[in-house]
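Residue numbers (our numbering), protein chains in the order written: chain Y, 1 to 283; chain B, 1001 to 1075. First comes the structure, then the notes that go with it.
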């Protein structure tokens, strides 16, 4: 995106000097000024953020992300698009991280409404959210966190054609589904569309995370079952869900920033009951 | 000669007391261990040996780390 001279001048006028946490001096942009400039110039909030970053001015909300993402990577994140299926336990936490990270567009879907059994783990759930669509809460939460992030959340349960429409034009797919039934369908859609898939699942204190890049062999039989998964008997306590979602979000961030994800072709197995972690080579 | 065993999720209830130093004999396979510790043959279980996917007839060697993982799909 070309920055107009008028916007460049306006950014220079409102930018202020401060230091990064390590003491390095920098020029920063406040959220209030970014919102005002977006309104003044008829731009999206993220377009102002990107113009600022291109001029070496850091939106202050990202100041503590700059050992993780460079300015160029932050611009790339803001211009990126992620797809996510499921806005329950995993999806709520993944969305939280993607929104705080500044991923420009998150297209997601969940046909469910919140119910009491979600309150043990699902970030977007709360007493006032009961009976409300998860997709609505997702959009509200993202808007509250970061106006530069456009969350487009569908209240549909997606079939395979619906998944393909959701994935179209995205750079990563996050599998945040609950249960085993729909996961192979999403994995197939992502593989056939050439989109990296970040998948994760939980049962009790056991969690698994894997990244399947286009052309990779896939997940072997780790998600294959004629019946249900172990979560049917063990449930899904919050700690395992949060841990798996955090790792999924980190891997999605690596992919969107243009890096190779550490779990490509691998599966991370964890058990928070005894804090054992091991990585399985799926090659 | 011992191996170490790790059973994930609902299989953890079958973890033997000597899982850290589980004795095996030359020629034993992963499938033989599964049978000995009581993992039902009908159960869809993924097997990991030293960080790589393994099969029921994969032989085990001294010092191996063997993990058994049931299907996990919760979110």
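Think of the CB as a built atom: it goes at the ideal place given N, C-alpha and C, for glycine as much as any other residue. Keep in mind that this is a model prediction, so the values were computed, not measured.
Taking Cβ-Cβ distances shorter than 9 Å, what residues in chain Y pair up with residue i?
i              : result
residue 1018/B : Correct list: empty, because the minimum Cβ distance to chain Y is about 16 Å.
residue 1044/B : 221, 224, 225, 226, 227
If we define contact as Cβ-Cβ less than 8 Å, is residue i a contact residue for chain B?
i             : result
residue 157/Y : no
residue 125/Y : no
residue 38/Y  : no
residue 111/Y : no
residue 104/Y : no
residue 86/Y  : yes
Output, in chain order, the set of chain B residues within a Cβ distance shorter than 8 Å of residue i.
i             : result
residue 223/Y : 1071, 1072, 1073
residue 236/Y : 1074, 1075
residue 239/Y : Here the premise fails: no neighbours, minimum Cβ distance about 13 Å.
residue 183/Y : 1073
residue 179/Y : 1073, 1074, 1075
residue 90/Y  : 1075
residue 194/Y : The contacting residues do not exist; residue 194/Y stays about 24 Å from chain B at best.
residue 176/Y : 1075
Return yes when the C-beta of residue i is under 7 Å from any heavy atom of the ligand FAD, and no when it is not.
i             : result
residue 201/Y : Among the components of this structure there are no ligands whatsoever, and the ligand FAD is therefore not found.
Checking the sheet assignment: what are the DSSP bridge partners for residue i?
i              : result
residue 200/Y  : 209/Y
residue 1022/B : 1003/B
residue 276/Y  : 271/Y
residue 70/Y   : Residue 70/Y pairs with nothing; no bridge assigned.
residue 27/Y   : 17/Y, 57/Y
residue 1047/B : 1054/B, 1068/B
residue 133/Y  : 113/Y
Please list the partners that residue i has in chain Y, where partner means a Cβ-to-Cβ separation under 7 Å.
i              : result
residue 1009/B : 203, 204, 206, 230, 234
Give the residues of chain Y in contact with residue i, contact being defined as C-beta atoms less than 8 Å apart.
i              : result
residue 1048/B : 269, 278, 280
Quick check on residue i - is its C-beta less than 8 Å from some C-beta in chain Y?
i              : result
residue 1004/B : no
residue 1025/B : no
residue 1051/B : yes
residue 1067/B : yes
I want to verify the contact list: residues of chain B whose CB lies under 9 Å from the CB of residue i, in sequence order.
i             : result
residue 273/Y : 1012
With a threshold of 8 Å on Cβ separation, who are the neighbours of residue i within its own chain once the five nearest residues in sequence on each side are excluded?
i             : result
residue 160/Y : 185, 188, 189
residue 219/Y : 187, 199, 210, 212, 267, 282
Closer than 7 Å by C-beta to residue i: which residues in its own chain qualify, once you throw out the five before and the five after it? Chain order, please.
i             : result
residue 280/Y : 266, 267, 269
Once the 5 residues before and after residue i are set aside, which same chain residues still bring their CB inside 6 Å of it?
i              : result
residue 107/Y  : 83, 152, 166
residue 142/Y  : 99, 149, 151
residue 1054/B : 1030, 1047
Inter-stretch contact at 8 Å, needing at least 3 Cβ pairs: the segment 56-75 of chain Y / the segment 10-21 of chain Y: Remark: three or more beta-carbon pairs, one from each stretch, lie closer than 8 Å, so the segment 56-75 of chain Y and the segment 10-21 of chain Y are flagged as touching.
Check whether the segment 1014-1028 of chain B and the segment 209-221 of chain Y are in contact - that is, three or more C-beta pairs closer than 8 Å. No, they do not touch.
Report yes or no: do three or more beta-carbon pairs, one from the segment 255-273 of chain Y and one from the segment 116-125 of chain Y, lie closer than 8 Å? By the criterion of at least three beta-carbon pairs nearer than 8 Å, the segment 255-273 of chain Y is not in contact with the segment 116-125 of chain Y.
Quick test of the definition: if touching needs 3 or more C-beta pairs under 8 Å, does the segment 122-134 of chain Y touch the segment 84-94 of chain Y? These segments touch.
Are at least three pairs of beta-carbons, each pair with one atom in the segment 46-60 of chain Y and one in the segment 8-17 of chain Y, less than 8 Å apart? Output reads yes: the segment 8-17 of chain Y touches the segment 46-60 of chain Y.
Cβ pair count under 8 Å reaching 3, the segment 171-180 of chain Y against the segment 239-253 of chain Y: The segment 171-180 of chain Y is in contact with the segment 239-253 of chain Y.
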